[in-house]
Every structure is written in C-alpha cells, then in structure tokens.
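A.B. asks:
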C-alpha cells in the first residue's frame with residue numbers, strides 16, 4: 001500500500017477508552033478503515049468500534065471490515081463481512097460496489113469507496129493468507 005502512496009496509521013490503545021493521541025490521529029485522517037477479526041478479544045473489538053464511531057462522528061469517511069466468524073457483530077449493518085478462507089464473496093462485493101458508489105457522489109462514504117475500496121479489497125486478500 002505504501003507503493004500506492006497510502007500511509008497507514010494504527011491505534012496503539014489497549015484500553016476500552018480512546019487515548020487523546022488516538023482521537024487526534026482519527027480526526028486528522030482522510031479515511032478510517034476498521035478491521036475486526038475473530039482473533040481479537042471483545043475489548044479489542046469494542047475499541048475498533050469506538051474508533052469507527054469517532055471517525056463517523058467527525059465526518060471522516062469510513063470502511064469497516066468484519067470477519068464473519070466474529071459472530072457478535074454479524075448484525076452490524078454498516079460492516080463489510082469477509083470469510084478468511086473464502087474471501088471471494090467480499091472481494092466481489094467490493095469490486096461491484098466501488099464503481100456503483102463512484103456514480104453516486106452524494107453518498108457520504110463515496111469518497112472512501114472510490115479512493116480506498118481497492119485498499120479494503122487488498123486487506124481482505126491479505127487477511128485470507130493469514131491463518
């Protein structure tokens with residue numbers, strides 16, 4: 001991703017409450033991509049959701065990737081669900097949604113999709129190789 005000029009920042013919070021440095025980092029970002037996997041514990045999942053909510057609150061475009069086996073979050077409507085062993089469904093969804101959302105510029109997350117939908121697809125692809 002660095003080769004494409006995308007700089008990634010990662011939260012280093014280990015407590016449920018967000019640190020002021022994390023909040024500042026989110027507020028200065030151009031895009032927030034949250035990733036929730038089955039390997040994270042509930043505190044980590046809650047922290048990612050809190051960071052995601054912070055980004056949405058301040059108007060940062062967001063994408064939330066959720067591994068299907070993170071069962072407690074399967075009802076979250078705004079998430080993009082992926083299966084680590086069979087990522088094709090999520091990748092197909094991303095590849096179909098990116099052009100569609102590019103046509104609908106009024107959507108608040110349209111910029112996120114047009115700029116970083118392919119990055120989200122790359123993340124799903126990378127996660128499918130981690131087992």
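In the working numbering, the protein residues as written are 1 to 131. Heads up, the beta-carbon is just placed ideally off N, CA and C, and yes, glycines get one too. Please read all numbers here as calculations on a predicted model, not as lab measurements.
1) Under a Cβ-count criterion, where at least 16 other Cβ atoms within 10 Å of its own Cβ denotes burial, should residue 51 be classed as buried or exposed?
2) Of all the options 38, 22, 128, which has the alpha carbon lying nearest to the alpha carbon of residue 68?
3) From residue 23 to residue 91, what does the alpha carbon distance come to, in whole angstroms?
4) Please name the residue, chosen from 76, 78, 62, 122, that lies closest to residue 27 on a Cα-to-Cα basis.
5) Just how far apart, CA to CA, sit residue 79 and residue 31?
6) Is residue 18 helix, strand or coil by DSSP?
7) Using the DSSP secondary-structure output, state which residues sit across from residue 34 in a beta bridge.
8) Report yes if the CB atom of residue 66 is closer than 8 Å to the CB atom of residue 81, and no otherwise.
9) So residue 87 and residue 125 are in contact, right, with Cβ under 8 Å, and what is the actual spacing, rounded?
10) To the nearest angstrom, how far is it from the Cα of residue 35 to the Cα of residue 10?
11) Would you tell me roughly how many angstroms separate the C-alpha atoms of residue 96 and residue 47, rounded to the nearest one?
C.D. replies: The answer reads as follows:
1) Position 51 of the chain shown holds residue 51. With 16 or more other Cβ atoms within 10 Å, it is buried.
2) Counting from 1 along the chain shown, the entry for residue 68 is found at position 68. Residue 38 is the option with its Cα nearest to residue 68.
3) Indexing the chain shown from 1 puts residue 23 at position 23. Indexing the chain shown from 1 puts residue 91 at position 91. Taking the straight line joining both Cα atoms gives about 30 Å.
4) To locate residue 27, count along the chain shown from 1; it is residue 27. Comparing Cα positions, the closest option is 62.
5) To locate residue 79, count along the chain shown from 1; it is residue 79. To locate residue 31, count along the chain shown from 1; it is residue 31. Roughly 15 Å separates the two Cα atoms.
6) Along the chain shown, one-based indexing puts residue 18 at 18. Looking at residue 18 - three-state DSSP - the assignment turns out to be coil, as it is neither helix nor strand.
7) Translated into positions along the chain shown, residue 34 becomes position 34. Residue 34 pairs with 64.
8) Position 66 of the chain shown, counted from the first residue, corresponds to residue 66. Position 81 of the chain shown, counted from the first residue, corresponds to residue 81. Yes; because the gap between Cβ atoms is below 8 Å, this pair is in contact.
9) Taking the first residue of the chain shown as position 1, residue 87 is located at position 87. Taking the first residue of the chain shown as position 1, residue 125 is located at position 125. So it is a contact: roughly 6 Å between Cβ atoms.
10) By 1-based counting over the chain shown, the position of residue 35 is 35. By 1-based counting over the chain shown, the position of residue 10 is 10. Whole-angstrom Cα-Cα distance: 11 Å.
11) As a working note, residue 96 is residue 96 in the chain shown. As a working note, residue 47 is residue 47 in the chain shown. Rounded to the nearest angstrom, the two C-alpha atoms are 29 Å apart.
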